[in-house]
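Positions in the sequence shown are counted from 1; adding 666 to them yields this note's numbering. Comments concern the structure below.
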Amino acid sequence: MSWAHAIRYATPDELHCVWRNSPYECSAPKCHAPAVYKVGYRYVTGRQGRVTSATRLICERHGEIFCKRYQLELPAPMGEGEI
Ligand SMILES: [Zn+2]
Numbered sequence: 667m668s669w670a671h672a673i674r675y676a677t678p679d680e681l682h683c684v685w686r687n688s689p690y691e692c693s694a695p696k697c698h699a700p701a702v703y704k705v706g707y708r709y710v711t712g713r714q715g716r717v718t719s720a721t722r723l724i725c726e727r728h729g730e731i732f733c734k735r736y737q738l739e740l741p742a743p744m745g746e747g748e749i
């Protein structure tokens with residue numbers, strides 16, 4: 667079970683994998699599309715019911731799926747409304 671789902675555009679820094687020196691790919695299984703969004707959520711782990719928060723970088727398509735699944739609005743494109 668997971669809750670407190672949130673999504674936003676990842677920053678260029680977050681999308682750059684330092685140890686591989688290349689952009690991150692989507693963290694969904696078998697998806698190798700470039701990551702665009704950062705998502706976060708909380709879930710309970712182990713028998714003690716410890717609450718853990720997790721973040722993932724995901725691609726555009728999986729961002730849409732995530733939003734539909736958790737009834738979230740897709741974030742506005744980065745830079746929209748800014749000069
Ligand atoms: Zn993906």
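Positions of the beta carbon are idealized from the N, C-alpha and C atoms, including for glycine. Model, not experiment: these values are computed from the prediction.
TODO: Would you mind working out which of E680, R674, P678 and R727 sits nearest P695, comparing C-alpha positions?
DONE: Cα-wise, what sits closest to P695 is R727.
TODO: Give a single yes or no on whether H725 has its beta carbon closer than 7 Å to a heavy atom of ligand 1.
DONE: In the sequence as presented, His is not what sits at residue 725; that position holds Cys. Result yes, Cβ under 7 Å from ligand 1.
Task: Beta-bridge partners of T718, as assigned by DSSP - done: T718 pairs with Y709.
Open item on the list: Checking the sheet assignment: what are the DSSP bridge partners for L723?
Closed with: DSSP output for L723 lists K704 as bridge partner(s).
- [ ] Run the proximity test for C733: is its beta-carbon closer than 7 Å to any non-hydrogen atom belonging to ligand 1?
- [x] The beta carbon of C733 sits no closer than 7 Å to any heavy atom of ligand 1.
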